[in-house]
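This report refers to the structure that appears directly beneath it.
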Amino acid sequence: MKKILYVLAASAIALTGVSAQAATFSPPSTTGAKFEGDVDVFRDFSLNCLMKADVSSTALDGNGDNTAQVDTASLSSGFMCNLVAFNNFPYPVTVTAPGGGGGVPATAVQINSASVVTVLGGTCAGNVPAAWSDGAPATITFAPGTPIAGGCTIGGTLTQVAGSAITITN
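Count the sequence shown with mature numbering (1 follows the signal peptide of the UniProt record, and there is no 0) and you get residues -22 to -1, 1 to 148, in order.
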């Protein structure tokens, strides 16, 4: 009997730490939200490029939550920038701060499963943390030297330049 109670208690404790962090990306069902800005990227070479990204969001679920994703991204306007390619879209976006919900504006996000083919054909892939500001316009900021698994780094700010103004609450 003690063993069964221990297993039940351990299961209850384990389940309390498994709650998903729900978020609301407004407006829902958005397409065509365009972000762009100068970024510094590094792996094979240090490049300063114009980055463009398109972001969309899904319809609200029964709990009033939804998801967002990066649908496309590209680099241009700098020496060798067009030789860097993003692939394996979409990249889901999740809120990382603040935690706990309650309709609080998001301050940090993570772009998940980003995949980049570098100038010399190497690959960097992984989750990329960024600061988020709803602002007017919204911004996504990668701290200088933000790592992407595989030896790549990125730094810079993307500003929303088109589409419905995006806000994120957690």
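No residue lacks a Cβ here, since even glycine has one placed at the ideal position from N, Cα and C.
Residue burial is scored here from C-beta neighbours: residue 57 has fewer than 16 other C-beta atoms within 10 angstroms and is therefore classed as exposed. Annotation for residue 5: 142 place their beta carbon closer than 7 angstroms to its own, counting only its chain and skipping 5 residues before and after.
Of 135, 19 and 85, the smallest CA-CA separation from residue 59 is found for 19.
Counting only the Cα atoms, residue 92 lies some 18 angstroms from residue 25. In this structure, DSSP gives residue 26 an extended state, which the three-state scheme calls strand. A contact is defined here as three or more CB-CB pairs under 8 angstroms, and the stretch 5 to 16 meets this definition with respect to the stretch 121 to 137.
Counting only residues of its own chain and dropping the five nearest sequence neighbours on each side, residue 52 has a CB closer than 6 angstroms to the CB of 30.
Distance check between residue 119 and each of 45, 23 and 108 places 108 closest, using alpha-carbon atoms only. Within the stretch 73 to 138, the complete beta strand (DSSP E) segments at least 3 residues long are 86 to 95, 101 to 111 and 117 to 126, listed from N- to C-terminus.
Rounded to whole angstroms, residue 75 and residue 22 show a C-alpha spacing of 32 angstroms.
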